[in-house]
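Colleague:
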Amino acid sequence: MTTASPSAEITTTVKRRSPLAETWENLRRSWAGMLGLTLIIVHIIIAVTSPYWVPQDPYEMNAEIRNEMPSAEHIFGTDKLGRDVFSRSMLGGRVTLVVTMIAIVIAVIWGGLLGIVLGLVDGKADELIMRVVDALLSIPWLLLLLIIISVMGTEMWVQTLTFGFTYGILTIRVARAATLDFVTSDFVLSARARGEKKRTIVTRELLPNVRDVLLVDGSMNWSWMLLGFTSLSFLGFGVAPPTPDWGFMIAKNREIMAIQPWSVFGPVIMLSTLIIGINLFSDAFAKALGLDRSQGAPV
Amino acid sequence: MSTCLVDVKDLTIGYYTQRKKLVHVLMEVNLQIKPGETLGLVGESGCGKSTLGQAMMGYLRSGSQVLGGSVEFVGHDIFNLTEKELQSIRGRQIALIPQNAGDSLTPTLRIGNQITEAIELNANLSGDAAENRMIELLSQVRLPDPEAMAQRYPHELSGGQQQRAVVAMALAAEPEMLILDEPTTGLDVTTQAHILNLLRDIVAETGTAMMYISHDLGVIARVSDRVALMYAGEIIEDTEVAEMFRSPAHPYARGLLESIPRLTLSGIPHSMPGQPPIPGTEPGCSFAPRCKFSTEICTSEVPELRAILDGNHLVRCHNWESVLSTDFTQELEQVFHTIGRSTHDESAIKLSGVEISYYRPGLMSRIKSEAEPPATVSDISLSVQRGETLALVGESGSGKTTIVRTLAGLLPAKDGSITFEDFDLSVGVDKRPMGICKDIQLIFQNPDASLNPRQNVAEILDQPLKLYFPKMNRDQRRERQIELLERVRLDGRYRLRYPGQMSGGEKQRVAIARAFAADPQVVLCDEVTSALDVSVQAAVLDLLADLQQERNTTYIFISHDLAVVKAIADRVAVLYQGRLCEVGTVEAIYSPPYHPYTETLLGAILVPDPDYEPQLLASDTPELAPPASGCSFQRRCPYRLGEICDQEIPPWQKIDPDHDHSIRCHIPIDELVRMSRGRELIHLNGRSKSKVDPAVLVNSSADVELSKPETEEG
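From first to last, the protein sequence lines stand for chains R and L. For the first sequence, position 256 (counting from the first letter as 1) is numbered 256 according to our numbering, and the numbering increases by one without interruption. For the second sequence, position 215 (counting from the first letter as 1) is numbered 514 according to our numbering, and the numbering increases by one without interruption.
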């Protein structure tokens, strides 16, 4: 009796690439995604470097040149205190970006981890926490933000934590739903049958699979958070004046919009290019990760 | 004009990838189907058989395009018709029966309405005439009580009944041609046998032509007049069904037929090395790299599909003459091999009176003190020896997986005891010491699901190594990974691959390597070969047998495929509705006397032999829950005695004191023996009609002698 069993030959046609490299390859082929990414990067560069190159001092008031239309000196004109709108627009995203970027990371981490754990344990704790989440989500988000901010104050770190907390609640649901797709899968079952600890199952088996969903959800939430932060600023609960801030600029300058529309357009252009950039990137990112079913799996 | 119903000429279909690379799916396919003929289109996954089936109806998967050739249906060039003209052909002259009937029925419409809709659309009948036709169709597909059936919703029908309803819908306009894409895949063996009988009857009654697409050679042998075999997007052999199964002329056809486990031959079949190429990427014959007949010309020149012998046999091979010069029947016997192993007379796992239930009483039912439904799995007493393979056999819902999950600690047992090395296994995995967890490993059916797509092979194999051997350092683990990969016959370089970069068989090898990384005593195999192609299945069975021999591992092997079980198991336990019916050595189970359920199962098996006819004993009515009392098989049993079967749990009857074979039935053993006289080895009845090598018969009747010499007839 021979046990002539073939040894599987290695096929050389398969390129050995990690899923991350694969995702980058897919993303690079999407012009919308690359445009979005470029917009985001440009915004970050502007936020970091603008104090060193803006043409005018964004804080300097000049009563003689109030409400002036754009000119060579003042590209977006001046506001009613005679400050340069262009320079203020460039600097106006600094606080917003810092707060929202830190907050979104906080939101994804705590919301994501809690969501995954809840998806895995599936019992009384899950039931209880999810009802609390539902209750919190039933409060309009702006109201919820206003309540917390008005109680806790408007310091930057308070705002960061508030946004991180509030948007994390949204992430819990997403992470839990994504986890439920995997907890009954054979590879998690296999890990459980091996006797792996819950922590290992979360970090080794679930997190790498839920990660994609969390990243996409996080980048989409980022744009919502930007709108949220700008809304708060608009209402006067954001950045303390005279620090330039898009939301606050829009709120203050809308009174002179008929005379000097560029005082509003400036911050609006900046805010919308960033949000469009984030959305374009998020969509392409989801497709590159293969999360968008309508596009089919990447070949 | 040809007399063909369908004439596929040089059809080439392909698509462009995102990187603008052309990938072929079909390569110059030529195929004719005559009116009233049943053509079996067979091939392994990815060979393009479904694409061809869809192309015949003018469908192309999105992104695919016709790169050359044509499909003619009664003189119309399908791909030159307008959408409107196509619609007038689809459903009326050519109808499709898809694989998953449940998915193709609308869940919110009654069966009757859905069929009537098809009749109104395609057969130009309306009102009462359509209604009458619908009832007529339902009875034509042998659905009991058609009027009542028409009032039901799809979810109220079983899988087999849903498939019948879909067949009825396809027959609405009496089409000239039916295309069936794996219509019985996923159904139980008995249901499958019933559906195939129905299809044969329909062909006989209506004279419609059929193209039956399947990967299952047993099914193809049962239904086809002619068989076309596909490989890497090409048709490589096309001939009468008897020719195809008796003396295939293409080396791939031979390899494929040799890799199927058979009830008539003992041991593990031969496996084919390598895997199919992407269509159109080989400079010569697409099978040349895997072919043992390959000569110089094969790697340089693409062979034509040419007529050989009497002209009815088409084959795409340069060396068909040397292939045909060896007798296939003889070759077949030589390739089956057994792997010797020693079983110790020491029990590894012992189950006694095990009961498992998914029922968790809610508050209300506790207050009302409602009666508990019968447990999903009940009264299981089995003992597995060290180093042996025990197979659990039964249809879906028989409790096989439930038992294995309990052994793996994923489900607690409700009652009874399970002992493994003096340890009680009836507790969940979290209450077991690590040493016990290490000794019991589980391999799943589908490697796509059981391997984490986000881990590469090194990480996958690292999980058990880190868990069970915490003292191993990184280098030792790396060494062990390579050693494990070599044991499952994969190159060490596979460490860096992700599951998505491997074929199905390779993935299953990795899953096996992961189980063996723990160096376990017991490996639980849950349908480990069911998701694999036949040619790969044989290699995996071979590998499992080898690994078992090396370390004297105990296997508990679940399968619905009785031929696979015969190839690998030492002992078999037949389950129905979570209760044991018959337990015995593999020789004893496959020879009479049989438990009525075992006999039903064996009778429904399809074998790759066109002369073989399955024997249908029981109905294919599925049961959702075990009966409250009495024998679990009472409602479907063809030999029901009466009241006693409903009320009393049947006793275990030992067949022969010397042999390990017990049947749980109220029918006395002598009676079972008498009943099986003249019917022994059901699976051989068909074969004995055909020209079969006497050695095969002798070989199998030897099995009969082992358990019950007096039942043997000449």
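Ideal placement from N, C-alpha and C gives every residue a C-beta, glycine not left out.
Find out if the Cβ-Cβ distance for the pair Leu366 of chain L, Gly313 of chain L is shorter than 8 Å.
Modeller: In this structure, Gly313 of chain L lies closer than 8 Å to Leu366 of chain L by Cβ.
Colleague: Between Val728 of chain L and chain R, is the shortest Cβ-Cβ distance under 8 Å, so that the two count as touching?
Modeller: With 8 Å as the cut-off, Val728 of chain L counts as an interface residue toward chain R.
Colleague: Which runs of the alpha helix (DSSP H) at least 4 residues long sit entirely within the region 932-959 of chain L? Give them in chain order.
Modeller: DSSP runs (the alpha helix (DSSP H)) wholly in the region 932-959 of chain L: 942-946.
Colleague: Determine the burial state of Val42 of chain R: buried for a count of at least 16 other Cβ atoms within 10 Å of its Cβ, exposed for fewer.
Modeller: Under this definition Val42 of chain R is an exposed residue.
Colleague: Checking the sheet assignment: what are the DSSP bridge partners for Gln684 of chain L?
Modeller: In the DSSP output, where bridge partners are listed per residue, Gln684 of chain L has L:Ser646.
Colleague: Quick check on Ala707 of chain L - is its C-beta less than 8 Å from some C-beta in chain R?
Modeller: Judged by the 8 Å Cβ criterion, Ala707 of chain L is in contact with chain R.
Colleague: Could you work out which residues of chain R lie near Pro763 of chain L, taking near to mean beta carbons separated by less than 7 Å?
Modeller: Ordered by position in chain R, the residues that pass the 7 Å Cβ test against Pro763 of chain L are Arg194.
Colleague: Determine the contact status of Cys824 of chain L and Ile781 of chain L, defining contact as a CB-CB distance below 8 Å.
Modeller: For Cys824 of chain L and Ile781 of chain L, no; Cβs fall outside 8 Å.
Colleague: Taking C-alpha atoms, which residue in L:Thr675, L:Val676, L:Pro576, L:Pro660 lies nearest to Glu669 of chain L?
Modeller: The shortest Cα separation from Glu669 of chain L among L:Thr675, L:Val676, L:Pro576, L:Pro660 belongs to L:Pro660.
Colleague: Should the region 739-746 of chain L be called in touch with the region 828-843 of chain L, which here means at least 3 C-beta pairs below 8 Å?
Modeller: They touch, by the three-pair rule.
Colleague: Determine the direct distance from the alpha carbon of Asn221 of chain R to that of Leu280 of chain R, and round the result to whole angstroms.
Modeller: So the alpha carbons of these two residues sit roughly 13 Å apart.
Colleague: Given a threshold of 16 other Cβ atoms within 10 Å of its Cβ, counted over all protein chains shown, does Arg463 of chain L qualify as buried or as exposed?
Modeller: Arg463 of chain L is buried by the Cβ-count criterion.
Colleague: Buried or exposed for Thr302 of chain L, please, with buried defined as at least 16 other CB atoms from any protein chain shown within 10 angstroms of its CB.
Modeller: Exposed is the call here.
Colleague: Which residues, in order along the region 174-189 of chain R, keep a beta-carbon less than 7 Å from a beta-carbon of chain L?
Modeller: Residues Ser185, Asp186, Phe187, Leu189.
Colleague: To which residues of the same chain is Phe931 of chain L closer than 6 Å at the C-beta, ignoring the five residues directly before and after it?
Modeller: One point to set straight first is that residue 931 of chain L is Ser, not Phe, in the sequence displayed. Contacts found: Tyr875, Gln876, Arg878, Pro925.
Colleague: With H, G and I counted as helix, E and B as strand and the rest as coil, what does DSSP make of Phe719 of chain L?
Modeller: The answer is strand: DSSP assigns Phe719 of chain L an E or B state.
Colleague: Rounded to whole angstroms, what is the Cα-Cα separation between Leu146 of chain R and Gln260 of chain R?
Modeller: In a straight line, the C-alpha of Leu146 of chain R is about 31 Å away from that of Gln260 of chain R.
Colleague: Let me check understanding here. Comparing Cα to Cα, which of L:Gly554, L:Ile559, L:Gly734, L:Arg499 lies closest to Gly573 of chain L?
Modeller: With distances taken between Cα atoms, Gly573 of chain L lies closest to L:Gly554.
Colleague: Does Arg28 of chain R get closer than 8 Å to chain L when you measure Cβ to Cβ?
Modeller: Not closer than 8 Å to any Cβ of chain L, the Cβ of Arg28 of chain R fails to qualify, so no.
Colleague: Whose C-alpha, out of L:Ile534, L:Val540, L:Thr563, L:Ile567, is nearest the C-alpha of Tyr551 of chain L?
Modeller: Nearest of L:Ile534, L:Val540, L:Thr563, L:Ile567 to Tyr551 of chain L, Cα basis: L:Ile534.
Colleague: Check whether the Cβ of Asn851 of chain L lies closer than 8 Å to any Cβ atom in chain R.
Modeller: Not closer than 8 Å to any Cβ of chain R, the Cβ of Asn851 of chain L fails to qualify, so no.
Colleague: Taking the Cβ atom as the reference point for each residue, do Asp919 of chain L and Thr490 of chain L lie within a distance shorter than 8 Å?
Modeller: Yes, Cβ-Cβ distance for Asp919 of chain L and Thr490 of chain L is below 8 Å.
Colleague: For the region 203-215 of chain R, list every residue whose C-beta sits within 7 Å of some C-beta in chain L, in sequence order.
Modeller: Under the 7 Å Cβ criterion, the region 203-215 of chain R contributes Arg204, Glu205, Pro208, Asn209.
Colleague: If we ignore side chains and look at the alpha-carbon of each, how far apart do Arg561 of chain L and Phe544 of chain L end up?
Modeller: Arg561 of chain L and Phe544 of chain L: Cα-Cα distance of roughly 13 Å.
Colleague: At which residues does the alpha helix (DSSP H) containing Leu113 of chain R begin and terminate?
Modeller: Run containing Leu113 of chain R: 94-121, per the alpha helix (DSSP H) assignment.
Colleague: Starting from the C-beta of Glu922 of chain L, find all residues in its chain whose C-beta is less than 8 Å away, skip the five residues before and the five after it, and write them out in chain order.
Modeller: Once the five neighbours on either side are set aside, the close Cβ partners of Glu922 of chain L are Gly696, Gln876, Arg934, Arg935.
Colleague: Residues in the same chain with beta-carbon distance under 7 Å from Thr100 of chain R, minus the five sequence neighbours each way, listed in chain order, please.
Modeller: Hits under 7 Å: Phe163, Trp222, Met225, Leu226, Phe229.
Colleague: Leaving out the 5 sequence neighbours to the left and right, which residues in its chain are closer than 6 Å to Val882 of chain L when beta-carbon positions are compared?
Modeller: The answer, listed in chain order, is Ala872, Ser961.
Colleague: Just mark Ile388 of chain L as buried or exposed, buried being the case when its beta carbon has 16 or more other beta carbons within 10 Å.
Modeller: Ile388 of chain L comes out buried.
Colleague: Against Gln754 of chain L, what residues of chain R qualify as contacts under a CB-to-CB distance less than 9 Å, listed in chain order?
Modeller: What Gln754 of chain L touches in chain R: Phe187, Arg204, Glu205, Pro208.
Colleague: Does any C-beta atom of chain R lie closer than 8 Å to the C-beta of Gln364 of chain L?
Modeller: False, the Cβ-Cβ gap to chain R never drops below 8 Å.
Colleague: Report the three-state DSSP secondary structure of Asp729 of chain L (helix, strand or coil).
Modeller: Correct three-state label for Asp729 of chain L: helix.
Colleague: Nearest chain L C-beta to Ala191 of chain R closer than 8 Å, yes or no?
Modeller: Taking Cβ atoms only, chain L reaches closer than 8 Å to Ala191 of chain R, which makes this a yes.
Colleague: Report the rounded CA-to-CA distance for Met448 of chain L versus Ile410 of chain L, giving the unit in angstroms.
Modeller: One C-alpha to the other measures close to 7 Å.
Colleague: Mark Met152 of chain R as exposed unless 16 or more other C-beta atoms lie within 10 angstroms of its C-beta, in which case mark it buried.
Modeller: Classification of Met152 of chain R: exposed, given that the 10 Å Cβ count is below 16.
Colleague: Distance cutoff 8 Å, beta carbons only. Does Asn412 of chain L sit that close to anything in chain R?
Modeller: No, no contact with chain R.
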